[in-house]
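Inspection log for the structure reproduced underneath, given as structure tokens.
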Amino acid sequence: MPKGVPESVPDDGLTTRQRRTQPITAVHTGPGKGKSTAAFGMALRAWNQGWSVGVFQFVKSAKWKVGEENALRVLGASGEGGTVDWHKMGSGWSWIQRSAEQEMSSEEAAKEGWEQVKRDLAAETYRFYVLDEFTYPMHWGWIDPDEVVSVLKDRPGSQHVVITGRYAPEALTGFADLVTEMTKVKHPMDAGRKGQRGIEW
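If you read the sequence shown in UniProt numbering, its first letter stands for residue 1, the second for the next number, and so on.
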């Protein structure tokens, strides 16, 4: 097993301890399965450290039952680790008060979600953020990747952010500290099988 020893140490005047507490921007992208799953695994580690966790799901429907949501909500309410807040774009975001006639388009909802993330980063609301499927609003031209990079670059404190989804823009992957591309070698759907309980949700 690797012991986590860096291949090189930069001449930046920082101590090892200071480097270990720097905020991380992580991106999980590519066509393979497991991008969100890996991010939620990191959220479990954050919860275990006692950190506040904020999850923002940018694409998945509010009706989609995500197993990790249930597990992290239970853990967040347990009093054992950190707190967990889970926000879904498909349900119109929990912080927006509006009537049924004021339904938002997907683009408007994605933009509002990003505005809330910016507010939370400025206020240091969470120590760990999962921006699930956030690459898609950038890929579709709804949110400017350069603005995302600028906001993440200037965020205060040591807030960690993990972003998931296919088609991560070059500006984001170039800025991020940790980029993992999930590649598909084989998938049950290739054989005509649909998503399975306990595997996809």
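Just so it is clear, CB atoms sit at the ideal spot from N, CA and C, and this is done for glycine as well. Predicted, not measured: the structure shown is a model, and the values here were computed from it.
>> Tell me which residue opens and which closes the alpha helix (DSSP H) that V117 is part of.
In response: As a working mapping, residue 117 is identified with position 117 in the sequence shown. Per DSSP, V117 belongs to the alpha helix (DSSP H) from 106–123.
> Between the C-alpha atoms of G34 and P188, what's the straight-line distance to the nearest angstrom?
Replying inline: Locating residue 34 in the sequence shown gives position 34, counting from the first residue. Locating residue 188 in the sequence shown gives position 188, counting from the first residue. About 14 Å.
> In terms of residues, what are the limits of the alpha helix (DSSP H) holding Y129?
Replying inline: Within the sequence shown, numbered from 1, the residue matching residue 129 stands at position 129. That residue, Y129, is in no alpha helix (DSSP H); its beta strand (DSSP E) goes 128–132.
>> Whole angstroms are fine: how far does the CA of M104 sit from the CA of K88?
In response: Locating residue 88 in the sequence shown gives position 88, where the first residue counts as 1. Locating residue 104 in the sequence shown gives position 104, where the first residue counts as 1. Straight-line Cα distance between these residues: approximately 13 Å.
> Hey, which unbroken runs of the alpha helix (DSSP H) at 4 residues or more fall wholly within the segment 32–95?
Replying inline: 35–48, 67–77
> What whole-angstrom Cβ distance do R73 and W93 have, given they're in contact under 8 Å?
Replying inline: Here residue 73 is taken as the residue at index 73 of the sequence shown, counted from 1. Here residue 93 is taken as the residue at index 93 of the sequence shown, counted from 1. No, R73 and W93 are not in contact; Cβ-Cβ is about 17 Å, not under 8 Å.
>> What does the Cβ neighbour count give for G76, buried or exposed, with the cut at 16 atoms within 10 Å?
In response: Here residue 76 refers to the residue found at position 76 when the sequence shown is read from its first residue. With 16 or more Cβ atoms within 10 Å of its Cβ, G76 is classed as buried.
>> I'd like the list of long-range same chain contacts for A110, defined as Cβ closer than 7 Å, with 5 residues on each side in sequence excluded.
In response: Numbered from 1 along the sequence shown, position 110 holds the residue referred to as residue 110. The residues are F58, M89, P137, W142, I143.
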